[in-house]
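Numbering (the working numbering), first residue to last: 29 to 1012.
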């Protein structure tokens, strides 16, 4: 066995650890061995390794990624609530606060990936904070996504995502709790559900007839009227479909009381169990350490156990999950040509078989042993005889935060195994990525481990009292120290919430520490992230190692295919662009003017040698709109420096259960208080359940509209004021967000030898009409005689496909094609994403027979009318600013620019109470008791935060997190007791 530690390193590269800088120790041990024949005619291996490190470190320094963490005041909100947040923008390699970007974006996306809110925020020294009103956001599950324009150069895995919920009490009058299981009967799987119903005051819905339906999507699986027992319990059994996802129970009493319950039904056939050998592969003749992960249909871990069998059905290993469906086990020497099968016992006792990865005949196994209480890790490399005899050399790399911290040349000339101890001090805290590379830098083996240098900030909070009275003043004293106990200056944020209204899940909630050191480096959903770093015990450390054996990693490396940044870092809030001529060449030293009506701005500048111009230090505006023009307006154009926004995707994690499907009363209390606040604001009794507001609005007139029924005569209209609120949204985002029923759908063509000829004809008439084709436009007749089922994807409003009209002209006029499959859905999607809301003055939607007849007559080709009627279509009439129809163009040398407004944070309302008028105010029903986004400790590490308690005895939870601004982060939380006022 070759011990690498006895070899002599070529050099050590050390960045000195000083207070205010991250402990970043880079060690490159380039070991040279005699007779490395593979490199005889090439660079020597040491030079190759040095160049590899130099190139990667240089790229990381020149184009460092950013990491974002956003603290919210809470994770569940009620209608009309405000979401408060603090954003930290870090340099990914060092965790210093980033100076790269001066602008960041915060968006809110629905669970169907529709963006409903977007803010553009100034960033100063890596810090920003703000608030988002949730007044016009309906109940549902949302994802807050934070990113910078610079981060768009990297994978979207680098964006910050945080799921939260908006809940109201209008969707359910009852509370529910349930258990479900499945049994096999007559070779068919049946569901057994016990459902417990209560009212919003937790009283059982006892001895009541309930109409109960079980639905899968829109399909009804079960319907019955059942009486609850004296405890409000219902016990039902029904047949499960082959794919049991998206099943829900709807229960009601016919008197307006009802509940809609999604079932998390983890059926055995839906369990997914994956086996992942450490280092990547099972290699014949070598022992293996194998990680496994078992998840249910809801995406959460499930407990499993089982055995691994060889091809002779002999047990070669046993295993059992340790935490959230994850675990690991050792396989003895793997035999050549062996096929392994795992027999897995799932929750409920069902047994299923899963195949382990194929066994490779030749290769190398990488094992990393990481004892939590030792100061070094042990790296083991094992190779097959053929590999060992080849004399090839390999690179063993250890990197953290995209910086190579350790590197060595290895070969197997002295045996088939290599062992090396590596000092943990060479790596910063967080995830370290070990790789074994061949001489062409191809990765052969990979392994993630977590290294804890115990260098997080130490944050202590002391209250000035043991307990507080109602409307009492609280002072919390912050004491921030580094890992050595020295006081430090830092920047932090604090949220204080009422435990009676806000449930704080300390394991599932993510902190700045778990985000920066763990989850930001991993792909996909991580269940209970705080467990791995908060629980300081051997079980948590083992669970963390199993997580890293089974979870994919996110890369912050500069993408290889990008030589230069596609997206520039936004360093300031300025209006920037270029002036070009008809040959796409820059127009230098030309005058550019900028005009604004509100506030009034008239200014000008000259373009530089690259045709670039910039207007800086413009006054803030609620809805900024700038008219930009050049002195030369012939054969020149203006291109603004706005990067196209990314297509944002919601969090991939499982959707939370509705608030009313739980024994947890915290959100119920918050909903009651929210309703009481709204009633008091409207001068209504506190317990009033107000009817849903019906808004009556005047007809909206779109100036310059080509509406065939006259401007404003539509089923739904958006005028210029509505359009301005959309900011930089593209047309597709505008429609998805604001037009009810707008969706992606399909038109299906029946099979010709079984279907109705009239239905087939209707399919083609509808498709060709939507494409704007006449019969003369077709190169070939439609393929009528076929046994296949065709479908045509398109955008719909409810059940009607849309016809898009721009300034009185069909959108398809500019997209016509003799091909029967074009224009298609992709063409339409690209067109709708191409233009922004700022390009239009208004939008009108026509769906009813009252308004659609004239559109049908004008825009449906005569060749297809015999198979159609006006009810087949929905029409969208867009009125552009240029009035030039589907081929929208700006006037030469001019540009109407409407940037997304720069958001300015509001001040969190902080009541102040005096002892002599405690009972003279409106009830204080806050759920977020206090929010302080900018807590700064001085050189002594001290800060004080003060606020007042509310009106009810309770326990408050405070969370403080932040950074010393030079590479270290910290997090702490605690409780505050609030008791009732004592009588004098």
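The C-beta atom is built at its ideal place from N, Cα and C for all residues, glycine as well. Note that this is a predicted model, so its numbers are computed, not measured.
According to DSSP, residue i sits in a beta bridge with which residue or residues?
i: residue 989; result: 521, 999
i: residue 250; result: 242
i: residue 383; result: 369
i: residue 439; result: 421
i: residue 581; result: 550
i: residue 302; result: 321
i: residue 837; result: 834
i: residue 140; result: Looking at the DSSP assignment, residue 140 forms no beta bridge with any residue, so it has no partner.
i: residue 335; result: 346, 371
i: residue 261; result: 224
i: residue 172; result: 136, 190
i: residue 773; result: 822
i: residue 690; result: Per DSSP, none; premise fails for residue 690.
Compute the beta-carbon to beta-carbon distance between residue i and residue j, rounded to the nearest angstrom, for a pair I have assumed lies under 8 Å.
i: residue 155; j: residue 125; result: 7 Å
i: residue 544; j: residue 987; result: The Cβ separation is near 16 Å, so there is no contact.
i: residue 139; j: residue 169; result: 5 Å
i: residue 834; j: residue 769; result: At roughly 21 Å, the Cβ-Cβ gap does not stay under 8 Å, so residue 834 and residue 769 are not in contact.
i: residue 104; j: residue 195; result: 6 Å
i: residue 661; j: residue 922; result: 7 Å
i: residue 230; j: residue 203; result: 7 Å
Using alpha carbons as the reference points, say which of the options lies closest to residue i.
i: residue 870; options: 752, 606, 771; result: 752
i: residue 849; options: 865, 883, 796; result: 796
i: residue 680; options: 551, 470, 183; result: 551
i: residue 274; options: 1003, 579, 249; result: 249
i: residue 330; options: 608, 315, 298; result: 298
i: residue 951; options: 149, 505, 707; result: 707
i: residue 657; options: 635, 650, 628; result: 635
i: residue 1019; options: 107, 97, 90, 89; result: Lying before the first or after the last residue shown, residue 1019 is absent from the chain, which here runs from 29 to 1012.
i: residue 480; options: 444, 524, 564; result: 564
i: residue 453; options: 434, 462, 442; result: 434
Just to confirm my understanding: we take residue i, look at its own chain, exclude 5 residues before and 5 after, and list those with CB closer than 6 Å. What are they?
i: residue 967; result: 517
i: residue 114; result: 99, 157, 521, 961
i: residue 47; result: Legend: pLDDT at residue 47 = 31, less than 50; position of this residue unreliable, value from coordinates given subsequently. So no residue of the chain qualifies.
i: residue 62; result: No answer about residue 62 holds up, because its pLDDT of 29 lies below 50 and its placement is not dependable.
i: residue 243; result: 276
i: residue 557; result: 538, 542, 547
i: residue 745; result: 728, 872
i: residue 1007; result: 495, 981
i: residue 65; result: Bear in mind that a pLDDT of 33 at residue 65, under 50, signals an unreliable position, so the number given afterwards is only what the model happens to contain. The answer, listed in chain order, is 419.
Using a Cβ-Cβ cut-off of 7 Å (strictly less than) and excluding sequence neighbours within five positions of residue i, which residues of its own chain qualify?
i: residue 338; result: 344, 366, 368
i: residue 841; result: 800, 914
i: residue 260; result: 224, 225, 226, 232, 233, 234
Would residue i and residue j qualify as a contact pair, given that the criterion is a beta-carbon distance under 9 Å?
i: residue 336; j: residue 388; result: no
i: residue 573; j: residue 957; result: no
i: residue 130; j: residue 152; result: yes
i: residue 355; j: residue 319; result: yes
i: residue 655; j: residue 604; result: no
i: residue 567; j: residue 350; result: yes
i: residue 200; j: residue 287; result: yes
i: residue 313; j: residue 363; result: yes
i: residue 232; j: residue 256; result: yes
i: residue 540; j: residue 1002; result: no
i: residue 456; j: residue 428; result: yes
i: residue 690; j: residue 292; result: no
i: residue 579; j: residue 476; result: yes
i: residue 955; j: residue 109; result: yes
Short of 8 Å in beta carbon distance, which residues of its chain neighbour residue i, apart from the five on each side in sequence? Order them along the chain.
i: residue 742; result: 735, 872, 873, 874, 879, 905
i: residue 390; result: 311, 312, 412, 414, 415
i: residue 868; result: 751, 759, 906, 907, 908, 909
i: residue 503; result: 491, 492, 972, 973, 974
i: residue 531; result: 104, 692, 694, 695
i: residue 316; result: 305, 306, 310, 358, 359, 362, 393
i: residue 598; result: 129, 130, 131, 176, 177, 178
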